[in-house]
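Chemist:
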Amino acid sequence: MKTAYLSLIFALATGSASVFAQPAAGPCEVKRQEISNDLAIAREKGQAQRVRGLERALAENKRNCSEEKLSAAHAKRVQAEEKKVAQRQRDLDAAQRNGDTKKIERRQAKLDEAKAELERAKAQPLVH
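Numbering (my numbering), first residue to last: 538 to 665.
#1: For the segment 605-612 against the segment 635-644, are there 3 or more C-beta pairs whose distance is under 8 Å?
#2: If we count Cβ pairs, one from each stretch, closer than 8 Å, do we get three or more for the segment 586-603 versus the segment 564-576?
#3: Going along the chain, which residues of its own chain have a beta-carbon closer than 6 Å to the beta-carbon of K621, five neighbours each way excluded?
#4: Is the beta carbon of R614 closer than 7 Å to that of A653?
#5: What three-state label does DSSP hand Q584 in the structure shown?
The structure is reproduced here in structure tokens:
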């Protein structure tokens, strides 16, 4: 019994070490895994239309996904959010020059929202 227990501990220890030694999956592989998981659930529930859509998404991912494309799309989104923040700042500056308190409050709220969206875009991983 003691030998079996020690063998189990050894197997678990060496097995978990091999898991840690594996390289991290790239963003395309992570997305493929997410789609595959959703596909299995849809099949389980008998959702034929969702299965077809997920199969198309999986094929599209396998055919076109690359880290370069994801990185470029991420950079484009961040750049768009930066432009939005700059525009909101200009709007706020104009409202402050005019001295309209209500407009200043609205513009400040929109600027804060745009800044939060920019931070979310920057923090978001490459996977879409």
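Every residue, glycine too, gets a C-beta built ideally from N, C-alpha and C.
Modeler: From the atom records:
#1: Flag = no, the segment 605-612 and the segment 635-644 do not touch.
#2: By the Cβ criterion, the segment 586-603 is in contact with the segment 564-576, since at least three pairs of Cβ atoms, one from each stretch, lie closer than 8 Å.
#3: Beyond the five residues adjoining it in sequence on each side, K621 comes within less than 6 Å, by CB distance, of A651 in the same chain, given in chain order.
#4: Going by beta carbons, A653 and R614 fall outside the 7 Å limit.
#5: Secondary structure of Q584 (DSSP, three-state): coil.
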